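Some notes on the structure that comes next.
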Amino acid sequence: MKNSALVVVDMLYDFIDGSLACHNSDSAVAQTLKYIDSQTKGQGGEEHEILDTFPILFIRDHHPADHSSFKEQGGIWPSHCVAGTHGGEIHHDLQPYVNEELTFDKGCDRATEQYSGYEGVNNAGQSLGEVLELLDATDIYVCGIATEYCVRNTCEDLLKAGFKVHLLKDCLAYVDHEGHVKALEEMKAEGIEIE
Ligand code: VGL
Ligand code: ZN
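Numbering-wise (numbering that gives the first Met the number 0), the sequence shown opens with residue 0 and increments by one.
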């Protein structure tokens with residue numbers, strides 16, 4: 000899997016079993032773990048070796064408590080993924096693969112929606128796009144929540160930036176099933192590989 004990387008989008012408690020719980024989220028987390036496992040086979044099995052050959056990057060929706068997308072502020076979403084709360088944490092089972100430098104926050108600015116993780120930033124202020132280039136990644140595998148919003152916007156920005164994008168369809172959760180199916184069809188037509 001040389002030159003490949005996995006981007007895990009918003010596998011956070013508020014999207015799994017919290018205020019904005021999405022369909023298929025438990026299964027998406029389980030399938031993501033299975034996928035990560037399948038990539039570790041034949042690579043020595045040591046976690047640091049996996050990370051050297053197949054980096055795993057995490058996106059976090061990371062809002063201030065008065066984010067403009069929240070209903071109380073006139074937005075369309077219930078309050079979710081507030082920085083520092085349980086709802087904004089990455090699922091426990093994925094924690095062994097989380098590395099601070101490869102974790103990118105988005106939606107931090109109160110006034111901006113920012114569905115895409117592409118311009119999310121890590122604790123050193125680097126963006127996801129920048130770090131993927133530094134890693135020499137050409138093929139980006141994407142999974143996460145929600146298909147129609149953050150996953151889609153992240154995939155489209157990656158594609159525009161010239162990466163080959165592979166979407167792991169069993170590792171997705173969504174707000175609405177019809178919206179999920181439609182988003183997959185449209186992404187396929189745009190040149191995103193659905194796998
Ligand atoms: C998302 C709704 C609100 C997402 C983020 O990451 O898909 N959806 N905020
Ligand atoms: Zn959000």
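Glycine included, every Cβ here is placed at the ideal spot set by N, Cα and C. Remember, it's a predicted structure, so these values are computed and weren't measured experimentally.
Shorter than 8 Å, the distance from the beta carbon of residue i to the closest heavy atom of the ligand VGL, or not?
i, result
"residue 106", "yes"
"residue 14", "yes"
"residue 61", "no"
"residue 68", "yes"
"residue 89", "no"
"residue 64", "no"
"residue 147", "yes"
"residue 93", "no"
"residue 114", "yes"
"residue 174", "yes"
"residue 9", "yes"
"residue 144", "yes"
"residue 56", "no"
"residue 28", "no"
Do residue i and the ligand ZN come close, with the Cβ less than 8 Å from some heavy atom?
i, result
"residue 85", "no"
"residue 79", "yes"
Would you call residue i buried or exposed, if buried means 16 or more other Cβ atoms sit within 10 Å of its Cβ?
i, result
"residue 133", "exposed"
"residue 179", "buried"
"residue 62", "buried"
"residue 68", "buried"
"residue 91", "exposed"
"residue 172", "buried"
"residue 9", "buried"
"residue 77", "exposed"
"residue 16", "exposed"
"residue 195", "Nothing in the structure corresponds to residue 195, since the chain is present only between 0 and 194."
"residue 123", "exposed"
"residue 95", "exposed"
Looking at the secondary structure, which residues open and close the beta strand (DSSP E) in which residue i lies?
i, result
"residue 25", "Not the beta strand (DSSP E): residue 25 falls in the alpha helix (DSSP H), residues 24-39."
"residue 14", "First-last for residue 14: 12-15, but that is the alpha helix (DSSP H), not the beta strand (DSSP E)."
"residue 197", "Summary: the structure shown does not reach residue 197, with the chain confined to residues 0 through 194, and so no result is reported for it."
"residue 8", "3-8"
"residue 105", "102-105"
Write down the C-beta distance between residue i and residue j rounded to the nearest angstrom, noting that I regard them as a contact closer than 8 Å.
i, j, result
"residue 104", "residue 119", "6 Å"
"residue 66", "residue 116", "The Cβ separation is near 16 Å, so there is no contact."
"residue 144", "residue 166", "Incorrect: roughly 13 Å between the Cβ atoms, too far for contact."
"residue 11", "residue 88", "6 Å"
"residue 27", "residue 170", "5 Å"
State the start and end residues of the unbroken alpha helix (DSSP H) segment that holds residue i.
i, result
"residue 188", "176-189"
Compare the C-beta of residue i against all C-beta atoms of chain C and say whether one is closer than 9 Å.
i, result
"residue 57", "Among the chains in the structure shown there is no chain C, since it carries only a single protein chain."
* Asked: Which residue spans inside the segment 107-166 form an unbroken beta strand (DSSP E) run of at least 3?
  -> Segments of the beta strand (DSSP E) lying fully in the segment 107-166: 138-144.
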